[in-house]
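Step one of this worksheet: look at the structure below.
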Amino acid sequence: MTFLSKLGKFLAQGISMAAGVWPLVAPLFGSKVSSATATIVGNDLTSVGQVVVQAEALIQGSGTGPQKLAAAAPLVANIVKTSELVAGHSIANESLFIQGCTDLTNAVAEILNSLSTANVNSSGTPVPTVPPPTTAPVPAVMANAVFVPKTTK
0 MTFLSKLGKF LAQGISMAAG VWPLVAPLFG SKVSSATATI VGNDLTSVGQ
50 VVVQAEALIQ GSGTGPQKLA AAAPLVANIV KTSELVAGHS IANESLFIQG
100 CTDLTNAVAE ILNSLSTANV NSSGTPVPTV PPPTTAPVPA VMANAVFVPK
150 TTK
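Residue numbers for the sequence shown follow numbering that gives the first Met the number 0, beginning at 0 and rising by one.
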(Lines of atoms letter the chains of each structure in order from A; the text may use other names.)
(Lines give C-alpha, C1' and ligand atoms only; values in the text may rest on other atoms or scores of the structure.)
Protein backbone atom coordinates (compact mmCIF):
# COMPACT_ATOMS: atom_id res chain seq x y z
CA MET A 0 0.00 0.00 0.00
CA THR A 1 1.40 3.41 -0.94
CA PHE A 2 1.70 6.39 1.39
CA LEU A 3 -1.08 8.23 -0.40
CA SER A 4 -3.49 5.30 -0.45
CA LYS A 5 -2.86 4.50 3.21
CA LEU A 6 -3.36 8.14 4.20
CA GLY A 7 -6.46 8.40 2.02
CA LYS A 8 -7.90 5.22 3.54
CA PHE A 9 -7.55 6.59 7.06
CA LEU A 10 -9.05 9.94 6.08
CA ALA A 11 -11.95 8.29 4.27
CA GLN A 12 -12.73 6.29 7.40
CA GLY A 13 -12.63 9.44 9.51
CA ILE A 14 -9.74 8.16 11.62
CA SER A 15 -7.40 10.68 13.20
CA MET A 16 -3.74 10.48 12.27
CA ALA A 17 -1.11 9.39 14.76
CA ALA A 18 1.45 11.95 15.88
CA GLY A 19 4.27 10.32 13.90
CA VAL A 20 2.91 11.26 10.48
CA TRP A 21 1.02 14.45 11.37
CA PRO A 22 4.03 16.81 11.08
CA LEU A 23 4.54 15.52 7.54
CA VAL A 24 0.96 15.92 6.35
CA ALA A 25 -0.20 18.85 8.51
CA PRO A 26 0.62 21.41 5.80
CA LEU A 27 -1.64 19.45 3.45
CA PHE A 28 -4.62 20.34 5.63
CA GLY A 29 -4.28 24.09 5.77
CA SER A 30 -1.86 24.44 8.66
CA LYS A 31 0.24 27.58 8.68
CA VAL A 32 3.71 27.14 7.27
CA SER A 33 6.05 27.47 10.23
CA SER A 34 9.07 28.80 8.36
CA ALA A 35 9.15 32.55 7.81
CA THR A 36 11.10 31.92 4.62
CA ALA A 37 8.43 29.76 2.98
CA THR A 38 7.71 30.94 -0.53
CA ILE A 39 4.45 31.32 -2.38
CA VAL A 40 5.57 28.50 -4.68
CA GLY A 41 5.77 26.24 -1.64
CA ASN A 42 2.27 27.26 -0.60
CA ASP A 43 0.94 26.54 -4.08
CA LEU A 44 2.65 23.15 -4.09
CA THR A 45 1.16 22.41 -0.68
CA SER A 46 -2.27 23.38 -2.04
CA VAL A 47 -1.81 20.95 -4.93
CA GLY A 48 -0.86 18.28 -2.38
CA GLN A 49 -4.05 19.01 -0.43
CA VAL A 50 -6.14 18.44 -3.55
CA VAL A 51 -4.37 15.15 -4.31
CA VAL A 52 -4.89 13.90 -0.74
CA GLN A 53 -8.55 14.93 -0.81
CA ALA A 54 -9.13 13.05 -4.08
CA GLU A 55 -7.42 10.01 -2.55
CA ALA A 56 -9.67 10.16 0.50
CA LEU A 57 -12.89 10.74 -1.44
CA ILE A 58 -12.44 8.14 -4.18
CA GLN A 59 -11.64 4.76 -2.68
CA GLY A 60 -10.95 1.47 -4.42
CA SER A 61 -8.44 -0.18 -6.69
CA GLY A 62 -8.13 1.00 -10.26
CA THR A 63 -9.45 4.45 -9.40
CA GLY A 64 -6.25 6.32 -10.25
CA PRO A 65 -7.66 7.81 -13.47
CA GLN A 66 -10.82 8.88 -11.64
CA LYS A 67 -8.80 10.54 -8.90
CA LEU A 68 -6.64 12.30 -11.48
CA ALA A 69 -9.71 13.48 -13.40
CA ALA A 70 -11.28 14.80 -10.19
CA ALA A 71 -8.15 16.55 -8.91
CA ALA A 72 -6.73 18.05 -12.13
CA PRO A 73 -9.37 20.80 -12.59
CA LEU A 74 -8.86 21.89 -8.97
CA VAL A 75 -5.11 21.97 -9.50
CA ALA A 76 -5.68 24.04 -12.65
CA ASN A 77 -7.52 26.60 -10.52
CA ILE A 78 -4.59 26.73 -8.09
CA VAL A 79 -2.15 27.24 -10.96
CA LYS A 80 -4.35 29.95 -12.51
CA THR A 81 -4.24 31.93 -9.28
CA SER A 82 -0.55 31.32 -8.62
CA GLU A 83 2.17 33.86 -9.25
CA LEU A 84 3.47 31.55 -11.96
CA VAL A 85 0.73 32.59 -14.38
CA ALA A 86 -0.70 35.70 -12.71
CA GLY A 87 -1.01 38.54 -15.18
CA HIS A 88 -0.72 36.23 -18.18
CA SER A 89 -3.47 34.96 -20.44
CA ILE A 90 -3.51 31.32 -21.45
CA ALA A 91 -3.03 31.03 -25.20
CA ASN A 92 -3.23 27.22 -25.46
CA GLU A 93 -5.91 25.92 -23.08
CA SER A 94 -5.42 22.24 -23.93
CA LEU A 95 -1.66 22.47 -23.28
CA PHE A 96 -2.38 24.26 -19.99
CA ILE A 97 -4.84 21.52 -18.91
CA GLN A 98 -2.33 18.83 -19.87
CA GLY A 99 0.37 20.56 -17.83
CA CYS A 100 -1.93 20.80 -14.80
CA THR A 101 -2.84 17.13 -15.21
CA ASP A 102 0.86 16.24 -15.36
CA LEU A 103 1.51 18.35 -12.26
CA THR A 104 -1.30 16.59 -10.39
CA ASN A 105 0.10 13.20 -11.36
CA ALA A 106 3.63 14.26 -10.36
CA VAL A 107 2.50 15.35 -6.89
CA ALA A 108 0.64 12.05 -6.44
CA GLU A 109 3.81 10.18 -7.42
CA ILE A 110 5.87 12.24 -4.95
CA LEU A 111 3.43 11.45 -2.14
CA ASN A 112 3.39 7.78 -3.13
CA SER A 113 7.19 7.70 -2.95
CA LEU A 114 7.10 8.44 0.78
CA SER A 115 7.49 5.68 3.35
CA THR A 116 4.33 4.37 4.99
CA ALA A 117 6.20 3.39 8.15
CA ASN A 118 4.84 6.32 10.15
CA VAL A 119 1.31 6.33 8.75
CA ASN A 120 -0.72 5.02 11.65
CA SER A 121 -4.17 5.77 12.91
CA SER A 122 -5.68 6.34 16.29
CA GLY A 123 -9.33 6.14 17.14
CA THR A 124 -12.05 4.29 15.35
CA PRO A 125 -13.67 4.81 11.97
CA VAL A 126 -16.67 7.09 11.81
CA PRO A 127 -19.77 4.91 11.44
CA THR A 128 -21.36 4.92 8.02
CA VAL A 129 -24.63 6.70 7.54
CA PRO A 130 -27.50 4.22 7.14
CA PRO A 131 -29.38 4.36 3.86
CA PRO A 132 -32.52 6.51 3.88
CA THR A 133 -35.77 4.76 4.61
CA THR A 134 -39.20 5.53 3.27
CA ALA A 135 -41.48 6.96 5.90
CA PRO A 136 -44.70 4.97 6.36
CA VAL A 137 -47.79 6.54 4.84
CA PRO A 138 -50.67 7.00 7.29
CA ALA A 139 -53.67 4.81 6.44
CA VAL A 140 -55.96 7.81 5.89
CA MET A 141 -53.53 9.15 3.27
CA ALA A 142 -52.87 5.84 1.51
CA ASN A 143 -55.64 6.23 -1.05
CA ALA A 144 -55.82 10.01 -1.07
CA VAL A 145 -55.65 11.81 -4.39
CA PHE A 146 -53.81 15.09 -4.56
CA VAL A 147 -55.77 17.76 -6.39
CA PRO A 148 -53.85 20.99 -6.87
CA LYS A 149 -55.63 24.11 -5.75
CA THR A 150 -56.40 26.48 -8.58
CA THR A 151 -56.12 30.20 -8.20
CA LYS A 152 -58.55 32.65 -9.68
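Backbone N, C-alpha and C fix where the C-beta goes; we use that ideal spot for every residue, glycine too.
Query: 8 Å Cβ cutoff met for A135 and C100; Result: no
Query: Contact set for L68: own chain, Cβ-Cβ below 7 Å, skip 5 residues either direction; Result: T101, T104, N105
Query: Limits of the alpha helix (DSSP H) - the one that L103 falls within; Result: 93-112
Query: Cβ neighbour criterion (16 or more within 10 Å) applied to I39; Result: Annotation note: pLDDT 48 at I39 (below 50); position unreliable, no value reported.
Query: Contacts around V107, its chain only, beta-carbon distance under 7 Å, and the 5 residues preceding and following it disregarded; Result: V47, G48, V51
Query: Residue range of the unbroken alpha helix (DSSP H) whose run includes I78; Result: 64-81
Query: Enclosing alpha helix (DSSP H) for V140 [first to last residue]; Result: 139-142
Query: Reduced DSSP secondary structure (H/G/I, E/B, other) of G48; Result: helix
Query: Proximity below 8 Å, CB of A72 to CB of I58; Result: no
Query: DSSP three-state assignment for N42, whether helix, strand or coil; Result: helix
Query: Q53, DSSP secondary structure in three states; Result: helix
Query: Sub-8 Å separation of D43 and S82 beta-carbons; Result: yes
Query: G64 versus E109 - alpha carbon distance; Result: 11 Å
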